[in-house]
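The structure under discussion appears below in the form of structure tokens.
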Amino acid sequence: MNDETESPPEGAGMMDVVNDLESAAKGDEVSLGAVLEELEHAGFVPVLLAPALAVVTPLSGIPLFSSVCGITITLVAVQMLFGRTSLWLPAWLRRRKIPSKRLESAAQALRKPARWIDGHARPRLQVLVTPPLDRVIFLLCTLAGLVMPALEFIPFSSSIMGAAVALLSLTLLLRDGLFALFGYGAIVIAVAVVVRAI
Numbered sequence: 005m006n007d008e009t010e011s012p013p014e015g016a017g018m019m020d021v022v023n024d025l026e027s028a029a030k031g032d033e034v035s036l037g038a039v040l041e042e043l044e045h046a047g048f049v050p051v052l053l054a055p056a057l058a059v060v061t062p063l064s065g066i067p068l069f070s071s072v073c074g075i076t077i078t079l080v081a082v083q084m085l086f087g088r089t090s091l092w093l094p095a096w097l098r099r100r101k102i103p104s105k106r107l108e109s110a111a112q113a114l115r116k117p118a119r120w121i122d123g124h125a126r127p128r129l130q131v132l133v134t135p136p137l138d139r140v141i142f143l144l145c146t147l148a149g150l151v152m153p154a155l156e157f158i159p160f161s162s163s164i165m166g167a168a169v170a171l172l173s174l175t176l177l178l179r180d181g182l183f184a185l186f187g188y189g190a191i192v193i194a195v196a197v198v199v200r201a202i
């Protein structure tokens with residue numbers, strides 16, 4: 005797998021990730037490993053974005069799904085933080101399965117926002133997507149994924165945190181620093197929801 009933490013493929017967008025998710029929905033069930041095989045050709049960023057997007061869809065209603073996505077996000081982001089050039093995920097995580105129809109439905113639900121986001125993104129606030137500030141994004145995604153399993157018990161909090169990671173991932177994918185500001189804001193909102201619930 006290529007190292008895409010610095011520069012995603014030319015012309016890559018959210019719709020490409022959505023298309024790959026839909027392509028992976030084959031048979032009755034699909035494993036996380038099979039989904040990753042559809043995404044890994046484009047580097048780390050799409051693999052980071054996919055589970056974050058999944059958490060904000062109805063897939064989050066599957067028991068422990070948010071936890072699996074959080075663990076995946078953490079493992080991907082921490083490898084980006086340390087500059088790995090190939091992705092490693094444990095076999096037990098790659099074997100996790102979800103119904104293909106639910107993945108396909110989730111991908112279809114993401115098509116409209118993906119078109120809008122791809123159509124409106126442009127290079128902005130580049131200082132936020134280049135070293136050293138891109139490391140802040142990697143670190144925040146690592147921490148967000150790490151706490152997501154604990155957020156299973158607090159309504160909406162894991163979805164908000166997933167949205168934050170998705171926005172930060174889109175920052176890297178689209179090279180648009182404006183999404184980073186939205187992502188930082190979403191993290192603040194998620195923390196506020198958790199604090200209020202405790």
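Throughout the sequence shown, residue numbering follows this note's numbering, covering 5 to 202 in sequence. C-beta: ideal position from N, C-alpha, C; glycine also. Given the structure is predicted, the values throughout are model-derived calculations rather than measurements.
Measuring straight from C-alpha to C-alpha, what distance separates Val80 and Ile158? Taking the straight line from one Cα to the other gives about 24 Å.
Buried versus exposed, by CB contacts within 10 Å (16 or more), Val131: exposed
Any idea if Leu114 is buried or exposed, counting beta-carbon neighbours within 10 angstroms, 16 or more meaning buried? So Leu114 ends up on the buried side.
Asp20 versus Leu85, Val59, Lys116 and Thr76, residue with shortest Cα-Cα distance: Of Leu85, Val59, Lys116 and Thr76, the smallest CA-CA separation from Asp20 is found for Lys116.
What do you reckon, are the CB atoms on Gly181 and Val133 nearer than 8 Å? yes
CB contact flag (Ile75, Glu33, <8 Å): no
Which value, in whole angstroms, describes the spacing of the CA atoms of Asn23 and Leu155? 29 Å
Who does Phe33 pair with in a DSSP beta bridge? This sequence places Glu at residue 33; Phe is not what is there. Answer by DSSP bridge pairing, in chain order: Pro103.
In the structure shown, what three-state DSSP assignment does Arg98 receive? In this structure, DSSP gives Arg98 a helical state, which the three-state scheme calls helix.
Does the pairing of the region 165-176 with the region 46-54 give three or more beta-carbon distances under 8 Å? yes
Does the pairing of the region 84-96 with the region 187-196 give three or more beta-carbon distances under 8 Å? no
If contacts are defined as beta-carbon pairs under 8 Å, then Ala111 and Leu25 qualify, I think. What distance do you get, rounded to the angstrom? 4 Å
Got a sec? Which residues, its chain only, sit under 7 Å from Arg99 by beta carbon, not counting five neighbours each side? Ser35 and Gly37
Going by beta carbon distance, what residues of the same chain come within less than 6 Å of Ala201, once the five residues before and after it are set aside? Ile158
Got a sec? Which residues, its chain only, sit under 8 Å from Phe160 by beta carbon, not counting five neighbours each side? Here Phe160 has Val197 as same chain residues with Cβ atoms under 8 Å from its own Cβ, once five neighbours each way along the sequence are excluded.
Note down, in chain order, each residue of its chain lying with its Cβ closer than 7 Å to the Cβ of Ala16, except the 5 sequence neighbours on either side. So the list reads Ala46 and Leu177, once near-sequence residues are dropped.
Would DSSP call Arg128 helix, strand or coil? Three-state DSSP puts Arg128 in a strand.
Is Gly166 buried or exposed, if buried means 16 or more other CB atoms sit within 10 Å of its CB? buried
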